[in-house]
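Comments concern the structure below.
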Amino acid sequence: MQADLLGVSGLILGPVLAADPSDGGLVDALRVDPRLGEEQDLRAAVLGFKYEGLKVLMEASFALVSRQHPDVARALLGGPDSPEGRLFDIDWDAPGGPRPRPADGAGQLVRLNQSSDEAVEFAATAMLHWLSRGVDGFSLSSASAVPPEFWRRALARTRELFPYQWVLADFGRGDLVDLVERSTVDSAMQFDLRDGIVTFFSDRNLRRLDRVIEQHNRCLESFVPQTFLTLPGEPSITRTLGEDNARQALALLLFLGGAPSVDSGYKLPGITPPTHPILPWQRASFGPRISGTSESFPAIQWSLLEKRDKLRGGRQWRSLERSRAERLHLSDTYAVYQLRGEHPDVFLEIRVGRTVSVQVRAHSSMSGSDKLIWG
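Here's what the structure looks like:
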């Protein structure tokens, strides 16, 4: 895996903690799912990734557990004053007897009691357990199941011992600036940008895309969002948009500000990646640099990344992670944005005609010349 050449900074491991097969909910936050292996297998994988210079995030939902979690049964037996009873969100006065309040549409998952110290300790203990075993942070799925202040309390605990952990949250859609500030997570998944890019290649409405980019700029003023085009389990962007549009969408993903990530299963048809992954974990991502496994990057992506890497002088790619796309021109068929980062200035041009085309140019104030980077 030529991670440094790709500009990759790390991986998000897909769900690896012990879960109930029927509902996918957590049954043991301190144990690897036996269907995937043992803890020593995970630790070996983490060491392997770190040998390649990669950071490792663990995807987990510490705010929700399965109905089959053993502490749920103990809570229902022990009552509201038991340690387990204070751990979960349970309706103690429900008709027919106490039962967990539904936390999902199927009623199979149980939410932690957002206001209890026991629930905060449950999440913090699990996070500390895996941080002490080498992971660098977490991707918190279903983070919106509890208020952002819950995460603020839990992260205050974990950062006492691991101040440099990096935490990404899936808050869904909403006021991400407010949610990130109140929760103290480092980043949040940018669904609105993903939706805006994908929709643009269907409706070709540059003005609507411009509004999405402006909203993204507001996020970039406060934090570095995680940007993406697809998630594991979704159809590939190539299948959704077609091969040519997928290339153009990828250029938008990589050159707009944020921490871009690519699903490790993503491939363009008929193109073989230039390298092979060392281990088949599910998903690629870790900000603030571009992220992914080598399997994520087929030849077209490899070409773009090489051009981008030469433009930035390798690690200077970080200069665009917070760069805002400043609009210079906008019409129904043509838009120009300046991506303000470190020298050289980068310009993003989008044209709408019979097809959509994206070009990226770098301007050197030293030589006064422009260089086509993409398109």
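Heads up: the sequence shown at position 148 corresponds to 152 in our numbering, and the numbers run straight through without jumps.
For each residue, glycine too, the CB sits at the ideal point set by N, CA and C.
Keep in mind it's a predicted model, so treat the numbers as computed, not measured.
DSSP, reduced to helix, strand and coil, places residue 126 within a helical segment of the structure shown.
With 16 or more other CB atoms across the displayed protein chains lying within 10 angstroms of its CB, residue 169 is buried.
For residue 91, same chain residues with a beta-carbon under 8 Å away, outside a window of 5 residues either side, are 75, 79, 116, 117, 120, 122, 123, 126 in chain order. Using a Cβ distance threshold of 9 Å, residue 341 and residue 325 do not count as a contacting pair.
Residue 155 is classed as buried because its beta carbon has at least 16 other beta carbons within 10 Å across all chains shown. Counting C-beta atoms within 10 angstroms of its own C-beta, residue 337 has fewer than 16 neighbours from the protein chains shown and is therefore classed as exposed. A contact is defined here as three or more CB-CB pairs under 8 Å, and the region 39 to 57 meets this definition with respect to the region 14 to 22. Just so you know, the alpha carbons of residue 360 and residue 252 end up roughly 7 Å apart. Contact annotation: residue 86 and residue 30 have beta-carbon atoms that are not nearer than 9 Å. Beta-bridge pairing by DSSP links residue 59 to 14. Burial check for residue 206: the Cβ neighbour count within 10 Å stays below 16, so the residue is exposed. Comparing alpha carbon positions, the residue from 100, 114, 66 closest to residue 89 is 114.
If you look at residue 142, you'll find it in the beta strand (DSSP E) that goes 141 to 144. Taken through DSSP and simplified to helix, strand or coil, residue 365 comes out as strand.
In its chain, beyond the 5 residues on either side, 143, 191, 230 have a beta carbon closer than 6 Å to the beta carbon of residue 172.
Annotated three-state conformation of residue 218 is helix, per DSSP. Bounds of the beta strand (DSSP E) holding residue 356 are 349 to 356.
In this structure, DSSP gives residue 74 a helical state, which the three-state scheme calls helix.
Taking the Cα positions, residue 216 is about 23 Å away from residue 146. Taking 9 Å as the cut-off, the Cβ atoms of residue 356 and residue 159 do not count as close. Inter-residue distance for residue 256 and residue 362 is about 8 Å (C-alpha atoms, whole angstroms).
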